[in-house]
Amino acid sequence: MSDEPSLALARERLEALRRQIQRRIVGHHDLVNGILACLLSSGHALLEGVPGLGKTLLVKTLSDALHLEFARIQFTPDLMPADIIGTQMVMQDDEGRRHFQFQQGPVFTQLLLADEINRATPKTQSALLEAMEEKRVTVGRTGHALQEPFMVLATQNPIEMEGTYPLPEAQIDRFLLKLNATYPDAGELSQIIDRATGAPLPPMEAVLSAGELMEMRELVRSVVIADHVKDYAIRMVLATHAGNADATPMVRRYVRHGASPRGLLAVVLTAKALALFAGRINVSFDDLAAAAPPALRHRILLNFEGEAEGIDVEDLIAEVIRETPTVQGEARA
Amino acid sequence: MSQAASAPSLWIGSPRPARERLSKAVVALTRARRLQVLVDHGFGGLLAGLGLATFAVLVARLVPLPYPPWQLGGAAVIIAVALALLVGWQRRPDALDVAIRADLTLNLKQRLSTAWEFMTVHDDVKLAERLAVQAVKAGLPARTGLVFPWQVNRWGRLSPLAATALLLVSVIDLNWMQAPVPHEVDEQVVSEGQRLGAFGRAMQERARRDRLPRSARQAAQLERLGARMESGALTRGDALGQLRGMDESLDKERMQALAEANQTDIGPLREESSPIAPDLDPGAMLERMQRGALDSADTRALAEHLADLERSGIPRRDLEDTLRRHLSGDNEGLREMLEKLAQIDRARKEGKELQGAREQVRRARENLGESLAGTDGERGPAVHMDWGEDEDRGVKGAANAGADGRQERETTRGATGSGSQGDSSVALDRQRAPVRPDPGQSGPVLKPQSQARKGEVFVTQAQVRPRSGRPSVENVVMSSEFASQVEEVLSKEQYPAHYKEFVRRYFLNLSQGRVPQQQPTDKRGAQ
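Shown next as structure tokens:
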């Protein structure tokens, strides 16, 4: 159980990390919050946005602000699984004897940037499945554990879909959150100009070590959630299923598959992280409502009608949040 | 806890254990919520009650009911509010539910409810205490009334509208709502309406003249009923229903008038409908006495009617003594006696008027086809339908020997024309010698049928007593060959009832190839 000093310390560290990120990144508060929530929830994040919004820069900034090993993979159609996880190479020792030796791929790191992940073939994308879920890779008959903490931050471009391979459902479900990079407003653009075209910024300072990050992850898991709040989360996730009695009209009409149990865990874990950000030791309805869109938007599959009518999953989730009652029979305000 | 101890709230400031303090706080909140629920239900009940009251008043104004509209409305409101409060009282809010609501109301981010749950369900008092302290810091107030305040909810806000509707329904003219569904006008109902309306007007005049308030009210109602019947707005069934109500109302008023008269210390009334003494008007005498205009003729009249007055319950000795004292200058005794006599006289007049009106109503009911045999025989005069007995009409009218009775009969005849079957004098006569159906002497059961016009066929059944020298009416089914023409002619012309029957028989015989020989009875034609 977290005590007050550890809670205060965690908030202090988070603020320091946030300040470091904001030295280089303008705006993107929700994006930064989501990445931090993912970081503290032991999850992986999928960042989606048009080119030039600073997704890659954000991930690189995060790696600079953390005392973590960082690796980047630029996904291309000719990328092979072995290029990610590594391969067995024939090595010759001093005595001239040859033997196989596993050469680790870039996945053996702590913070992995999978840039434009949807440009690789599904076979290559799937190479990340085991690493993301079990924090280990298997080559041949040998398993290799990854370092903790391990986090994948993938980016993808929603346009220029030609020649891309949309992530399969099993792959996309491994991402705790899917975060949308939005276009900056005029004020933010002005700041971006100043920072990018002015004097070089001072180098980033690493403010959080791997050990401290692991402590904070434990703190997140110690945040409590009451049964009635848990019940609200369950009802909210069940409401994304068209066949459920509490499903909203839009869900009934446009949804083929609702959120998986992993989606529910993602909502609750993210909500716990958000509660910690707010200095609370309990999850609230608002935390769950805030966590639901990034945790569920990539886990809800539209049916043909929904696809044809161009239904936005964000609207579906908003309706679910709005219609799911917090207290017997009362919808959220 | 020391950090929170400085904050003024219902949670802080007590050295008691955390569990007890949290329990106390939630219990206080639960109490406040319960009161709030009660108030909410009260407003709901008020709105429902006002709605019900509006409906009840509307119904009471459209349909005659034995209760006044304001009583029904008031009862509806009181019952609805009481029921709502009862339901609200029984809906005891759950403590966890209250904590959740407090969280939502005060934006405590589920701190209080989580604290309560972890204390009561998971028995984690330490965590509960931390959360409760956080809740206090986040704004849980000391006064629970601020969390669950009494406020006018949406039902309460709608109540003024419902009250306005109730007010409007109570005062606006609802005649437009009583517009009848288009139906075929029943000539008999119209005819009876004319007769009753005329009688009601005449009765009103008499009541005003004689200062009879009960009779005046009933006469006004009777006139209104007659007007509605005359307008053709009522079907026969509706008219009979209204007439039954009127009959009951008249009887009730008459009994009350007589009961009031009986409350005097003179004694019970012996003859309800006859005057105390002919040519003696105690009311007029009392007025003259109050004006100081009582003269020797009045005292002489009193002395002459000592026997009549004694029959009214005043001992002769007292009367003589009172008159002596009056002659010696002491008027008090005479004034008291005249007041009592005037009261009795007025009650008798009321009784007579109301009885007369009741007979008219009952006659109308009979004429509209309702059988009254065996009903209400013990209180009012039994009126027996007896077709073919009309020759008695007018001959026995002496029972209503007063000028009022004559005026009444004349008015009635003038209004209805011919064709009415008997009048109040006949009815009074029958009161004294009620005709009871005698199984041994009863004649054939008649079911005359006629199809006057398109629509329902009314079947009337009557039992005719055989009488010497009078032919019994046989079961008649009119041929359809001339039926429509006959009825058309009869409906356009004013014929006495027995003449109508005669004309029908004539055409019936024509249709069967026989020439009728029978003539209508001479006495009927005399009318």
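Chains as they are written, first to last, in this note's numbering: chain A, 667 to 999; chain B, -13 to 513.
Don't be surprised by glycine CBs; every beta carbon is placed ideally from N, CA and C.
Three-state secondary structure (DSSP) at residue i?
i: A:G809; result: strand
i: B:L280; result: coil
i: B:Q76; result: helix
i: A:E714; result: strand
i: A:N969; result: coil
i: A:V889; result: coil
i: A:T990; result: coil
i: B:G388; result: Here the model assigns B:G388 a pLDDT of 37, short of 50, so the residue's position is not dependable and the matter cannot be decided.
i: A:A737; result: strand
i: A:L778; result: strand
i: B:V67; result: helix
i: A:S792; result: helix
i: A:R840; result: coil
i: B:G342; result: helix
i: B:T308; result: helix
i: A:N846; result: strand
i: A:L719; result: coil
i: A:G752; result: strand
i: A:M882; result: helix
i: A:A786; result: coil
i: B:Q57; result: helix
i: B:A205; result: helix
i: A:V818; result: strand
i: A:H695; result: helix
i: A:H894; result: helix
i: A:V803; result: strand
i: B:A438; result: At B:A438, the pLDDT of 48 sits below 50, so the modelled position is not reliable; the number obtained from the coordinates is stated separately. Coil at B:A438, not helix or strand.
Hey, would you say residue i sits closer than 8 Å to residue j, going by beta carbons?
i: B:E339; j: B:M189; result: yes
i: A:G752; j: A:F774; result: yes
i: A:L935; j: A:G709; result: yes
i: A:A925; j: A:L954; result: no
i: B:A81; j: B:A34; result: no
i: B:Q96; j: A:S672; result: no
i: A:V979; j: A:L968; result: yes
i: B:L69; j: B:G28; result: no
i: B:S145; j: B:L58; result: no
i: A:L940; j: A:A674; result: no
i: A:A727; j: A:D781; result: The sequence given here places Thr at residue 727 of chain A; Ala does not occur at that position. Cβ distance not < 8 Å, so A:T727 and A:D781 don't count as in contact.
i: A:E714; j: A:N846; result: yes
i: A:L874; j: A:S707; result: no
Let me make sure I understand the geometry here. Which of the options has the alpha-carbon closest to that of residue i?
i: A:Y831; options: A:A865, A:V949, A:I783 and A:E989; result: A:I783
i: B:R17; options: B:P135, B:G59, B:A114 and B:Y53; result: B:P135
i: A:P717; options: A:P850, A:M817 and A:V756; result: A:P850
i: B:D267; options: B:R332, B:Q242 and B:A293; result: B:R332
i: B:F185; options: B:S9, B:V347 and B:K10; result: B:V347
i: B:A328; options: B:E273, B:K486 and B:L113; result: B:E273
i: B:A350; options: B:L211, B:V475 and B:D284; result: B:L211
i: B:L90; options: B:A124, B:K112 and B:T221; result: B:A124
i: B:T308; options: B:T285, B:E170 and B:E356; result: B:T285
Return no unless some Cβ of chain B is closer than 8 Å to the Cβ of residue i.
i: A:F943; result: no
i: A:V895; result: yes
i: A:S950; result: yes
i: A:A892; result: yes
i: A:T619; result: Outside the shown range of chain A, which is 667 to 999, sits residue 619 of chain A, and nothing can be said about it.
i: A:I900; result: no
Any beta carbon of chain A sitting closer than 8 Å to that of residue i?
i: B:S99; result: yes
i: B:D233; result: no
i: B:E115; result: no
i: B:D26; result: no
i: B:F104; result: yes
i: B:Q96; result: yes
For my contact list, residue i and residue j are in at a C-beta cut-off of 8 Å; report their separation, rounded to the angstrom.
i: A:M757; j: A:Q770; result: The pair is not a contact, with the Cβ atoms about 14 Å apart (cut-off 8 Å).
i: A:V993; j: B:I86; result: 5 Å
i: B:L208; j: B:M232; result: 6 Å
i: A:A811; j: A:R802; result: 5 Å
i: B:V84; j: B:R19; result: 5 Å
i: B:T40; j: B:L152; result: 5 Å
i: A:Y920; j: A:T990; result: About 17 Å separates the two Cβ atoms, so there is no contact after all.
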